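Visitor: Chains as they are written, first to last, in this note's numbering: chain A, 521 to 995; chain B, 123 to 350. Sharing a structure here in structure tokens format.
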Ligand SMILES: Nc1ncnc2c1ncn2[C@@H]1O[C@H](COP(=O)(O)OP(=O)(O)OP(=O)(O)O)[C@@H](O)[C@H]1O
Ligand SMILES: [Mg+2]
């Protein structure tokens with residue numbers, strides 16, 4: 521009966537209750553969705569780091585990471601691989617040779633890290649081979665009489681291997697894609713021109729188009745305007761094992777595209793045997809052993825295990841390799857909790873305020889109820905239930921709205937193309953797929969109920985202070 | 123049988139400047155099935171007296187004994203419970219919970235007392251029939267006239283079979299026809315259920331229907347006459 525009465529009381533002042541419920545709904549929705557958004561962003565960064573960049577555990581010679589000195593290498597790569605492979609929980613092990621050098625083309629050059637890999641083994645640990653830009657080649661798959669190098673999109677752009685130009689074919693392709701004639705007409709003015717880099721191209725296009733045209737068609741124009749010549753060449757210059765400078769010409773095997781500018785600009789992949797041949801480094805010596813494990817939760821214990829077997833080597837897990845990422849994944853739940861806490865605290869004040877008004881308005885009625893024998897506990901629970909109903913109806917509506925929005929956006933993601941440059945500089949994708957765990961929803965539900973209960977306490981106590989004789993005295 | 127006794131009851135309101143002696147040395151006795159009116163000019167202490175009898179307020183001195191229980195001996199939580207079981211209230215206004223139907227309002231006290239659904243339904247039907255509102259059982263108070271609302275309040279007051287019903291100016295907001303109807307219903311219930319009614323009023327027609335009339339002047343009992 522009290523439950524029913526409380527529920528009906530909520531709808532006594534329909535407008536006011538709806539306003540409160542709506543604000544709870546909006547607050548919870550915003551909270552849940554922002555958390556899902558942040559969560560998706562971090563999860564994507566995490567997956568990218570593990571699957572494309574560092575994997576779970578890396579072994580190097582002592583202080584290699586610190587000094588980046590190619591003379592710090594491990595002699596018996598195969599022995600290490602054999603030992604590590606049989607440790608329970610280890611899924612895959614690969615070895616890499618790493619040297620630093622310069623990558624150059626006729627027009628440009630850039631400092632890079634050159635990594636020797638075994639492509640077949642590497643595929644079982646890293647997904648880089650899945651990110652190849654269509655039409656730029658493959659992951660060391662085709663036979664070639666030339667030496668092959670696998671590089672990132674940003675390096676390709678920097679070295680002018682990927683070029684931007686608007687020629688007749690680009691213009692006709694844009695025409696087919698229903699780009700308005702006036703834009704094509706404007707683009708004709710830069711037809712045939714060569715741009716030294718992407719930036720220059722972007723700024724030129726920006727200067728000839730209006731803001732609206734750019735917003736609508738900028739991305740499309742960029743996608744159509746870039747071109748890549750197959751079998752492009754690139755020179756790599758580095759030191760051999762006796763510190764003599766070596767230069768060699770490479771063809772591009774393929775170009776990968778991930779969401780990390782730094783990584784794309786700096787990493788050049790060759791076959792291990794090519795590095796051995798060009799530097800004279802021993803076939804069985806390696807700079808780095810990369811390990812993928814079956815369950816990331818065991819990364820610390822497995823790291824310890826490996827460490828104890830190779831005390832003379834540096835063994836680091838992903839948390840030590842990317843402390844910022846580790847911190848983020850460790851504390852992210854507290855941050856979500858805090859975030860939701862702040863939203864709920866704000867909502868609690870709204871509920872307290874409303875319920876105080878309710879108690880004030882119903883002084884006489886509450887007095888009457890105490891007079892006829894409704895005890896304090898029951899008056900208290902009635903007011904409390906009303907607050908809880910307010911917060912729960914709003915909370916559930918907000919969570920459902922948030923959940924639906926997450927499902928809808930999770931499929932295609934939310935694309936912030938205009939911020940891509942800035943976000944990818946930090947290794948974050950600008951195309952975000954919100955995601956959230958069920959446990960988060962459980963936590964929010966609990967928090968909402970707590971909020972409802974907590975914010976009802978003060979108004980309910982006020983209701984108890986009423987003196988029935990005073991309350992019903994009619995003037 | 124004596125159900126209610128007031129012994130030398132005083133109530134003094136202590137304001138910052140004035141002390142109001144609202145009830146002055148009142149001693150009264152009520153028996154089963156009485157139908158008593160408390161009358162007197164405005165400010166004579168009718169409401170105060172009824173509040174004291176109902177345990178809504180505590181006397182400054184003297185004692186009020188209901189069916190052998192001295193109200194001043196009860197803790198405040200016990201007092202609320204005691205009211206629920208022994209006293210029915212009808213106020214001048216704000217009697218009903220506006221979001222509940224007539225039926226639910228009558229049921230309310232019984233459900234607080236954890237009566238079974240069947241008992242509740244039976245008693246509610248019986249009472250609403252007695253006050254002539256069985257047809258309007260599912261109407262909310264706002265859909266009922268003032269007189270009908272007061273009749274629901276009377277039904278509610280009787281719901282838990284109290285020792286007596288207190289009504290402070292139950293007809294004050296009613297037209298004379300509704301007032302008479304209400305009093306007739308109260309009188310009938312008084313007769314049928316053998317429940318004592320103590321009500322205050324200004325209305326001479328209502329006073330006329332009482333079987334006992336207690337007149338207060340300045341907080342003291344001036345006359346106490348029984349007529350049949
Ligand atoms: N809470 C209070 N504090 C101080 N004085 C009070 C209080 N309640 C009542 N009084 C005073 O006590 C006296 C009796 O008041 P009471 O309300 O009992 O009279 P009443 O007979 O019910 O009058 P009415 O016919 O106008 O309802 C009045 O002088 C009133 O001003
Ligand atoms: Mg009065």
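Each residue gets a CB set at the ideal place from its N, CA and C atoms; glycine is no exception. No experiment lies behind these values; they were computed from the predicted model shown.
Quick one: using the 10 Å Cβ neighbour count with 16 as the cut-off for buried, is residue 793 of chain A buried or exposed?
Guide: With fewer than 16 Cβ atoms within 10 Å of its Cβ, residue 793 of chain A is classed as exposed.
Visitor: What are the complete alpha helix (DSSP H) segments, minimum 4 residues, inside the stretch 741-781 of chain A?
Guide: DSSP runs (the alpha helix (DSSP H)) wholly in the stretch 741-781 of chain A: none.
Visitor: At 7 angstroms on the CB atoms, spell out the chain B contacts of residue 888 of chain A, in chain order.
Guide: Correct list: 213, 216, 217.
Visitor: Taking residue 922 of chain A as the reference, give the member of A:646, A:912, A:550, A:544 with the closest Cα.
Guide: Among A:646, A:912, A:550, A:544, the Cα nearest to that of residue 922 of chain A is on A:550.
Visitor: Nearest to residue 161 of chain B by CA position, among B:142, B:290, B:234, B:229, is which residue?
Guide: Among B:142, B:290, B:234, B:229, the Cα nearest to that of residue 161 of chain B is on B:290.
Visitor: Under 7 angstroms from any heavy atom of ligand 1, does the C-beta of residue 137 of chain B make it?
Guide: Because some heavy atom of ligand 1 lies under 7 angstroms away, the Cβ of residue 137 of chain B counts as near it: yes.
Visitor: For ligand 2, I want to know if residue 179 of chain B counts as a neighbour, meaning its beta carbon is within less than 7 angstroms of at least one of the ligand's heavy atoms.
Guide: No, ligand 2 has no heavy atom inside 7 angstroms of this Cβ.
Visitor: Going by C-alpha distance, which of B:346, B:319, B:136 is nearest residue 176 of chain B?
Guide: Among B:346, B:319, B:136, the Cα nearest to that of residue 176 of chain B belongs to B:319.
Visitor: Could you check whether the Cβ of residue 891 of chain A sits closer than 8 angstroms to any Cβ belonging to chain B?
Guide: By this cut-off, residue 891 of chain A is an interface position.
Visitor: Would you report the Cα separation of residue 706 of chain A and residue 744 of chain A, rounded to the nearest angstrom?
Guide: If you take the alpha carbons of residue 706 of chain A and residue 744 of chain A, they lie about 16 angstroms apart.
Visitor: Go through its chain and collect everything with a Cβ distance to residue 900 of chain A's Cβ below 8 angstroms, but skip five positions before and after it.
Guide: Result list for residue 900 of chain A: 980, 981, 983, 984, in chain order.
Visitor: How would the residue list near ligand 2 read, in chain order, if you kept each one whose beta-carbon is closer than 7 angstroms to any heavy atom?
Guide: Ordered along the chain, the selected set is B:168, B:169, B:290, B:291, B:322.
Visitor: Can you list, in chain order, the stretches of the alpha helix (DSSP H) that have 4 or more residues and sit fully within the stretch 933-969 of chain A?
Guide: Listed in chain order, the complete alpha helix (DSSP H) runs (minimum 4 residues) inside the stretch 933-969 of chain A are 940-945.
Visitor: What residue range is occupied by the uninterrupted beta strand (DSSP E) comprising residue 623 of chain A?
Guide: Here the beta strand (DSSP E) through residue 623 of chain A covers 610-624.
Visitor: Could you round the C-beta distance between residue 992 of chain A and residue 135 of chain B to whole angstroms and report it? I think they count as a contact, below 8 angstroms.
Guide: Incorrect: roughly 17 angstroms between the Cβ atoms, too far for contact.
Visitor: Are there any heavy atoms of ligand 1 lying less than 7 angstroms away from the beta-carbon of residue 281 of chain B, as far as the coordinates show?
Guide: Result no, Cβ not under 7 angstroms from ligand 1.
Visitor: Please classify residue 234 of chain B as buried or exposed, where buried requires at least 16 neighbouring CB atoms within 10 angstroms.
Guide: By the 10 Å Cβ count, residue 234 of chain B comes out buried.
Visitor: Select from the stretch 146-178 of chain B all residues with a C-beta closer than 8 angstroms to any C-beta belonging to chain A, and list them in chain order.
Guide: So the list reads 169, 173, 176, 178, given in the order they occur along the chain.
Visitor: Give me the Cα-Cα distance between residue 586 of chain A and residue 837 of chain A, rounded to the nearest whole angstrom.
Guide: Straight-line Cα distance between these residues: approximately 15 angstroms.
Visitor: Using a 10 Å radius around the Cβ and a threshold of 16 neighbouring Cβ atoms, would you call residue 851 of chain A buried or exposed?
Guide: With fewer than 16 other Cβ atoms within 10 Å, it is exposed.
Visitor: For residue 853 of chain A, does the three-state DSSP call read helix, strand or coil?
Guide: Reduced to three states, the DSSP call for residue 853 of chain A is helix.
Visitor: Note down, in chain order, each residue of its chain lying with its Cβ closer than 7 angstroms to the Cβ of residue 256 of chain B, except the 5 sequence neighbours on either side.
Guide: Correct list, in chain order: 247, 250.
Visitor: Between the stretch 864-885 of chain A and chain B, which residues of the former have a C-beta closer than 7 angstroms to a C-beta of the latter?
Guide: So the close ones are 884, 885.
Visitor: Using the DSSP secondary-structure output, state which residues sit across from residue 210 of chain B in a beta bridge.
Guide: DSSP output for residue 210 of chain B lists B:287 as bridge partner(s).
Visitor: Drop a sphere of 10 angstroms on the beta-carbon of residue 123 of chain B, count the other beta-carbons inside from all chains shown, and report buried for 16 or more, exposed for fewer.
Guide: Classification of residue 123 of chain B: exposed, given that the 10 Å Cβ count is below 16.
Visitor: Any heavy atom of ligand 1 within a distance shorter than 7 angstroms of the CB on residue 142 of chain B?
Guide: Yes, since a heavy atom of ligand 1 falls inside the 7 angstroms radius drawn around the Cβ of residue 142 of chain B.
Visitor: Is there a Cβ of chain B sitting closer than 8 angstroms to that of residue 982 of chain A, yes or no?
Guide: Not closer than 8 angstroms to any Cβ of chain B, the Cβ of residue 982 of chain A fails to qualify, so no.
Visitor: Since residue 221 of chain B contacts residue 559 of chain A with CB under 8 angstroms, what's their CB separation in whole angstroms?
Guide: That belief does not hold up - the Cβ atoms of residue 221 of chain B and residue 559 of chain A are roughly 42 angstroms apart, past 8 angstroms.
Visitor: Hey, is residue 898 of chain A's beta-carbon within less than 8 angstroms of any beta-carbon in chain B?
Guide: With 8 angstroms as the cut-off, residue 898 of chain A counts as an interface residue toward chain B.
Visitor: Please classify residue 666 of chain A: is it buried, with 16 or more other beta-carbons within 10 angstroms of its beta-carbon, or exposed?
Guide: With fewer than 16 other Cβ atoms within 10 Å, it is exposed.
Visitor: Of all Cβ atoms in chain A, is any one closer than 8 angstroms to the Cβ of residue 186 of chain B?
Guide: So no, residue 186 of chain B is outside the interface.
Visitor: Could you pull out every unbroken alpha helix (DSSP H) segment of at least 4 residues lying fully inside the stretch 236-292 of chain B, listed in chain order?
Guide: Runs found: 239-252, 268-280.
Visitor: Taking any Cβ of chain A, which residues in the stretch 296-326 of chain B have a Cβ under 9 angstroms from it, in chain order?
Guide: For the stretch 296-326 of chain B, which is checked against every Cβ of chain A, not one residue is closer than 9 angstroms.
Visitor: Under a CB-based cut-off of 8 angstroms, is residue 234 of chain B close to chain A?
Guide: It does; some Cβ of chain A falls within 8 angstroms.
Visitor: So, does the CB of residue 533 of chain A fall closer than 8 angstroms to a CB anywhere in chain B?
Guide: Chain B, which has no Cβ nearer than 8 angstroms to the Cβ of residue 533 of chain A, makes this no.
Visitor: Give me, in chain order, the residues of the same chain whose beta-carbon lies closer than 6 angstroms to that of residue 989 of chain A; leave out the 5 immediate sequence neighbours on both sides.
Guide: Cβ within range, chain order: n/a, list empty.
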